[in-house]
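Let me begin by presenting the structure, written as structure tokens, before commenting on it.
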Amino acid sequence: MMNKAVLNVRVLSYVMIFGWGLLINAHRLALAEELPQQSILPLDLANKAVLAAVNHCKKEGYQVSATVVDGAGVIKALLRADGAGAHTVDSSQRKAYTAASLRESTQKLALLIARKPEIQALRDMNESILILGGGLPIKMEGEVIGGIGVGGAPGGALDENCARAGLEILGADLYQEKN
Numbered sequence: 010m011m012n013k014a015v016l017n018v019r020v021l022s023y024v025m026i027f028g029w030g031l032l033i034n035a036h037r038l039a040l041a042e043e044l045p046q047q048s049i050l051p052l053d054l055a056n057k058a059v060l061a062a063v064n065h066c067k068k069e070g071y072q073v074s075a076t077v078v079d080g081a082g083v084i085k086a087l088l089r090a091d092g093a094g095a096h097t098v099d100s101s102q103r104k105a106y107t108a109a110s111l112r113e114s115t116q117k118l119a120l121l122i123a124r125k126p127e128i129q130a131l132r133d134m135n136e137s138i139l140i141l142g143g144g145l146p147i148k149m150e151g152e153v154i155g156g157i158g159v160g161g162a163p164g165g166a167l168d169e170n171c172a173r174a175g176l177e178i179l180g181a182d183l184y185q186e187k188n
């Protein structure tokens, strides 16, 4: 038969081990709750957005490229229409990056810089920035989760109209010009 003192030590040991396990798991849960939650745009939706943008421009008679980037500005999806110039790939990518990074329409940024020359340096912030019309932030329920850029139509406003078609297919918050 086991000594009562030995039994008490064993029970106490099990209770301590169990208690430490609870403390460790509680600490892990507390850390996990502190981590920021971020929405992402799934690849299948990014593909639908670039296809909608390219098809919209095609209906208007323009051969363009369209790019969707994630919230960090990394390419998620890219399409270049048959006949679109090689330069349109870079243009669409940089417009998407700019819209996601600066969380604003590239057309609005271009107009802002034209009105306020003192912020011209914004154009040179890094080599990925392109402040020409055609890039829109992708917002879902007010949160910017990426950007869409279109390049190749004869003018930024036309590129932006095609980018807007990509936002519409996503059900994203549609960009509204704010004054």
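Counting in the working numbering, the final residue of the sequence shown is number 188, and the numbers go up one at a time with none missing. Glycine included, C-beta positions come from ideal geometry on N, C-alpha and C. A quick note: this is a predicted structure, and the numbers were derived from the prediction, not measured.
| Check | Outcome |
| --- | --- |
| Within 7 Å, strictly: CB atoms of leucine 60 and glycine 155 | no |
| Beta-carbon proximity check, alanine 93 vs alanine 172, cutoff 7 Å | no |
| Meets three-Cβ-pair contact criterion under 8 Å: the region 150 to 170 and the region 96 to 116 | yes |
| Alanine 108 and leucine 145 closer than 7 Å at C-beta | yes |
| Alpha-carbon spacing of alanine 174 relative to lysine 67, whole angstroms | 12 Å |
| Cβ-based neighbour list, aspartate 182, same chain, cut-off 6 Å, excluding 5 preceding and 5 following | Lys148 |
| Burial state of aspartate 133, where buried means 16 or more other Cβ atoms lie within 10 Å | exposed |
| Residue burial classification, lysine 70 (beta-carbon count within 10 angstroms, cutoff 16) | The question names lysine, but residue 70 in the sequence shown is glycine. Flag for glycine 70 reads exposed. |
| Selection from Ala130, Ile26, Leu139 that minimises the alpha carbon distance to threonine 97 | Leu139 |
| CB contact flag (serine 74, glycine 161, <7 Å) | yes |
| Rounded separation between leucine 176 and phenylalanine 27 - CA only | 52 Å |
| For glutamate 152: DSSP bridge partner residues | Met149 |
| Other residues of its chain near leucine 87: CB distance less than 8 Å, five sequence neighbours each side excluded | Val59, Ser74, Ala75, Thr76, Val77, Val98, Ser101, Gln102 |
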